[in-house]
Structure formats: C-alpha cells, structure tokens
Ligand code: SF4
Ligand code: SF4
C-alpha cells in the first residue's frame with residue numbers, strides 16, 4: 001500500500017496591523033534621534049566653550065566609580081555627578097523595561113544600527129552582496145547552527161569586559177575601560193586624538209557594516225549590567241505558541257540575534273527591548289509585551305516552536 005503523507009491542518013491567524021508596527025518603529029527612531037541630537041548638542045557646546053560636560057553623559061562611569069565611592073567616599077578620575085545620576089537611572093530603567101536604554105536611547109547603539117541599515121540598503125541593489133548578507137543573517141540566526149552557537153558564545157565577551165572594567169577601576173583607581181571605550185572616542189571626536197579608543201570606534205564602525213550592533217552584542221559592559229538587572233524585570237516579550245507561524249521573521253529581525261521563535265518568554269540578557277521582533281511578526285497575537293512577576297512567568301523554551309505552516313491571513 002502506498003504511504004499517504006499527512007498534510008498539517010491549515011490555520012489562519014489575524015495579521016498584525018502595519019499602521020501599528022509603523023508607529024512603533026517611528027517612536028523608537030524618533031527617541032533615538034532626539035537623544036543623539038541632545039548628545040551632539042552637548043559635544044558641540046563642549047567644543048566651542050568650556051571643554052567639559054560630554055563625559056558626564058556616560059552612565060557606565062557611574063558603575064565604574066561605584067566601588068571606590070562606597071569604600072573610600074571618593075570617586076575615580078573623570079567621574080562627574082551626572083555619571084552617578086545616569087547609572088541610577090539606568091538601574092531603574094532596566095528593572096522597569098529591561099535594556100530599554102540600549103534599544104531606544106543609546107547613541108552608540110543608534111549609530112551602529114544606522115550604519116548597518118544604510119549599508120544594507122545600498123548593497124541590496126548589488127545581487128552578490130545582497131546574497132552574501134542574506135546568507136550571513138540566515139546562518140547566524142538558524143537555531144542550533146554553528147554560526148549561532150559561536151555568536152552566543154561571543155555574547156559572554158560583555159561580561160568579561162564588565163568584570164575587567166569594574167575590577168580594574170576599583171584596583172587601579174581610574175577607569176581602565178575608558179582607554180578602549182569607543183563611546184569616549186565618539187564624544188571626544190571633535191578633539192581628535194588617535195588612541196586605542198579611536199581604533200575601537202573605527203573597528204565598531206567597520207564591523208557594523210556586516211554585523212548588527214557588534215559592540216552591543218560582544219563587548220558593551222553597560223549592556224551586560226542591564227542584562228543582568230533585567231533578569232528581575234517583570235516586563236518581557238512573550239510568544240504565544242498557538243499563534244506563531246514558525247516563519248523565522250522575528251529571529252532575522254532581532255538585531256541581537258536572539259532566536260525569538262525558540263522562546264516562550266524572551267529573558268535573554270542580550271534583549272534590548274527594541275521591539276523589532278514584534279514589528280516583523282506577521283501574526284497579530286504571536287508576540288507581545290507581557291508584565292508578570294519574573295519567578296512566576298513562564299521561562300524560556302528551548303525546543304521546537306509550535307509553528308503552523310499556514311500563511312498569515314487577514315482576520316478579525
Ligand atoms: S528579542 Fe525582540 S525586543 Fe529583544 S532584542 Fe530581539 S528584536 Fe529586540
Ligand atoms: S513569532 Fe516569529 S516565527 Fe512566530 S509568527 Fe511571529 S515572526 Fe513568525
């Protein structure tokens with residue numbers, strides 16, 4: 001008797017409104033542009049006037065000085081009161097909305113995202129480069145693939161940098177990370193100095209052409225701090241298995257390369273709350289923001305998705 005293949009049951013799901021996703025993107029890009037504009041204004045003001053102020057815009061400076069401050073009541077060199085105030089604000093934001101600062105406000109993150117988007121738009125007209133970029137994205141976002149495993153391993157680089165920055169600042173009494181910090185190079189770009197931090201900035205810009213947010217993914221200690229604190233956050237992206245099509249669009253849209261459709265609740269320390277996965281998802285009810293007590297919320301799932309092969313259809 002010939003074998004009959006069983007066709008999976010077709011399921012249609014309500015499609016997400018493009019107006020809503022457009023508004024979400026507009027809100028994020030506007031916030032990033034506004035924050036970047038303020039930072040540029042402070043940098044220009046610093047350049048044309050008294051030569052101080054822009055370094056106070058680094059929240060990580062507040063974390064670097066913290067140990068010295070509580071043990072000796074002094075701060076390490078280059079610390080401004082604004083650094084400490086921003087560090088506290090970051091802590092509160094991370095509990096309230098995960099690494100919201102990275103996805104919505106950080107100018108260095110915005111610069112990396114903009115470089116990648118502009119270069120991608122340019123290369124999409126060149127078939128060879130377009131294919132290469134698509135293959136790279138597919139390889140790094142295929143669940144369980146070697147490229148994704150390597151990528152996830154490299155994510156731990158952030159914690160090594162964090163440990164080195166905090167221990168170094170406490171031990172030596174100055175900000176060791178400042179020497180290689182691309183953010184410091186960016187805010188001091190008007191007073192050009194060819195140093196290690198500037199080389200790091202060039203490296204981050206070059207890598208951003210092929211990888212989305214390379215510094216955020218592999219080296220940012222501020223992102224690592226927020227990712228750890230965010231574990232206590234009640235807010236997270238939640239995926240509903242029964243509404244998920246298993247189409248992979250969320251994985252490919254995620255700038256932090258999180259396998260969203262392998263999760264029930266995205267609690268990864270790399271999630272920057274950018275909501276790109278939600279805007280990319282064609283199914284209205286598959287992804288959303290859920291508020292739940294961290295210990296009571298459903299943890300991340302690692303198995304296959306409950307995807308239906310049916311295409312999204314217009315629904316109620
Ligand atoms: S999981 Fe979603 S919200 Fe988190 S970083 Fe990825 S795309 Fe952004
Ligand atoms: S959650 Fe991801 S895999 Fe599921 S429907 Fe949305 S974009 Fe597709």
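Residue numbers (the numbering used here): 1 to 316.
C-beta atoms are modelled at their ideal positions from N, C-alpha and C, and glycine is treated no differently.
Inter-residue spacing [alpha-carbon to alpha-carbon] between residue i and residue j
{"i": "residue 151", "j": "residue 242", "result": "29 angstroms"}
{"i": "residue 271", "j": "residue 86", "result": "20 angstroms"}
{"i": "residue 292", "j": "residue 38", "result": "34 angstroms"}
{"i": "residue 245", "j": "residue 91", "result": "36 angstroms"}
{"i": "residue 229", "j": "residue 102", "result": "13 angstroms"}
{"i": "residue 286", "j": "residue 208", "result": "30 angstroms"}
{"i": "residue 131", "j": "residue 56", "result": "43 angstroms"}
{"i": "residue 181", "j": "residue 46", "result": "19 angstroms"}
{"i": "residue 203", "j": "residue 13", "result": "44 angstroms"}
{"i": "residue 240", "j": "residue 172", "result": "49 angstroms"}
{"i": "residue 116", "j": "residue 72", "result": "43 angstroms"}
{"i": "residue 278", "j": "residue 288", "result": "7 angstroms"}
{"i": "residue 249", "j": "residue 147", "result": "18 angstroms"}
{"i": "residue 274", "j": "residue 280", "result": "11 angstroms"}
{"i": "residue 128", "j": "residue 107", "result": "31 angstroms"}
{"i": "residue 15", "j": "residue 154", "result": "35 angstroms"}
{"i": "residue 20", "j": "residue 170", "result": "47 angstroms"}
{"i": "residue 283", "j": "residue 205", "result": "34 angstroms"}
Outcome for residue i when other beta-carbon atoms lying within 10 angstroms are tallied against a minimum of 16
{"i": "residue 81", "result": "exposed"}
{"i": "residue 17", "result": "exposed"}
{"i": "residue 253", "result": "buried"}
{"i": "residue 60", "result": "buried"}
{"i": "residue 156", "result": "exposed"}
{"i": "residue 179", "result": "exposed"}
{"i": "residue 63", "result": "buried"}
{"i": "residue 3", "result": "Per-residue confidence for residue 3 stands at a pLDDT of 46, beneath the threshold of 50, marking its modelled position as unreliable; no derived number is given."}
{"i": "residue 111", "result": "buried"}
{"i": "residue 398", "result": "Coverage of the chain is limited to positions 1 through 316, which leaves residue 398 absent and any answer about it impossible."}
{"i": "residue 308", "result": "At residue 308, the pLDDT of 46 sits below 50, so the modelled position is not reliable; the number obtained from the coordinates is stated separately. Per the 10 Å Cβ criterion, buried."}
{"i": "residue 183", "result": "buried"}
{"i": "residue 175", "result": "buried"}
{"i": "residue 93", "result": "buried"}
{"i": "residue 43", "result": "buried"}
{"i": "residue 49", "result": "exposed"}
{"i": "residue 145", "result": "exposed"}
Identity of the residues DSSP links to residue i by a beta bridge
{"i": "residue 290", "result": "236"}
{"i": "residue 15", "result": "283"}
Within the segment 172-201, ranges of the alpha helix (DSSP H) (whole runs, at least 4 residues): 182-187
*Of all the alpha helix (DSSP H) runs that stay within the bounds of the segment 243-286, which reach a length of 4 or more residues?*
249-253 and 276-280
Sufficient close CB pairs (3 or more, under 8 angstroms) joining the segment 188-203 to the segment 86-105: no
For the segment 256-264 against the segment 115-126, are there 3 or more C-beta pairs whose distance is under 8 angstroms? no
Touching by the beta-carbon criterion (3+ pairs, under 8 angstroms), the segment 209-219 and the segment 56-76:
no
Exercise. Would you call the segment 136-148 and the segment 32-46 in contact, with 3 or more CB pairs under 8 angstroms?
Worked result: no
List, from N- to C-terminal side, the alpha helix (DSSP H) runs of 4 residues or more that fit wholly inside the segment 68-140. 81-97, 100-104 and 107-123
The segment 155-174 in contact with the segment 216-223 per 3-pair CB rule at 8 angstroms:
yes
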